[in-house]
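Trainee: Please read through the structure below; I'll follow up with questions.
Numbering (our numbering), first residue to last: 635 to 876.
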């Protein structure tokens, strides 16, 4: 009885029923489209922001000492401290944030004298870092060792040539465009860097090869980048990063 009444009611109001069905379908479609757009927008915004590089900087705690006489300030001296390289993986293990740490890259800085045969020495900042390093403490979705480094956190770098290989990269280096111009370097060129330890006055020299030239529009254009192992060996600071 109820079915027959319902059938007659629908038959007599075909247009109203059709409009109601269309309204429901349109409402569901609009809600689905908005939800999909919202989720895609979050992913897209996150991807675009990551192109600007790291959004968290971790530095060691250092003591600043004010230098001067009563009424005369000469400035301040900051004690140089380091982070143990063996502790870096803990960044990825921060509670409740592991999935959000997409990558990190440590740096070890020192001022060196860079020189090519027949050229004049230039003072340049040499930075040791990770380019694409395995982190065995963590696994990716495929069960392989998680990898991190500059390649992951600085996709905006424009590289002419090739990246340096962390494992077995030897004496490969990435030089900034300003350094390449000052030293007349190109991909495949060789040059020498010399570091003088300010504490021991020991001098360490090493011949490097240009694997690539970086143009980022930032301070990287005036620096030289090598694998962390090479920088630690040159500056006699094994296992340390800034």
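Yeah, the Cβ is synthetic: ideal placement off N, Cα and C, and Gly gets one too.
This one's a predicted model, so the numbers in the text were calculated from it and none came from an experiment.
Hey, quick one: how far does the beta strand (DSSP E) through residue 837 stretch, first residue to last?
Mentor: 837 to 849
Trainee: Report the residue from 773, 760, 753 whose alpha carbon sits nearest the alpha carbon of residue 727.
Mentor: 773
Trainee: Pick out the complete beta strand (DSSP E) segments inside the stretch 805 to 837, 3 residues or longer, and give them in chain order.
Mentor: 806 to 810, 824 to 830
Trainee: Shortest alpha-carbon distance to residue 796 belongs to which of 693, 766, 714, 782?
Mentor: The shortest Cα separation from residue 796 among 693, 766, 714, 782 belongs to 766.
Trainee: Kindly indicate the opening and closing residues of the alpha helix (DSSP H) around residue 692.
Mentor: Neither: residue 692 is in no alpha helix (DSSP H) and is coded neither H nor E.
Trainee: What are the residues that DSSP puts in a beta bridge with residue 877?
Mentor: No information on residue 877 is available, as it lies outside the stretch 635 to 876 that the chain covers here.
Trainee: Tell me which residue opens and which closes the alpha helix (DSSP H) that residue 861 is part of.
Mentor: Element bounds for residue 861: not the alpha helix (DSSP H) but the beta strand (DSSP E), 857 to 861.
Trainee: Going straight from the alpha carbon of residue 873 to that of residue 738, what length do you get?
Mentor: 17 Å
Trainee: Measure the alpha-carbon distance for residue 870 versus residue 759 and round it to whole angstroms.
Mentor: Each residue's alpha carbon lies about 16 Å from the other.
Trainee: According to DSSP, residue 761 sits in a beta bridge with which residue or residues?
Mentor: 743, 859
Trainee: Considering just the uninterrupted stretch of the beta strand (DSSP E) at residue 773, what are its terminal residues?
Mentor: Per DSSP, residue 773 belongs to the beta strand (DSSP E) from 767 to 773.
Trainee: On the three-pair Cβ rule with 8 Å, is the stretch 833 to 846 touching the stretch 776 to 787?
Mentor: no
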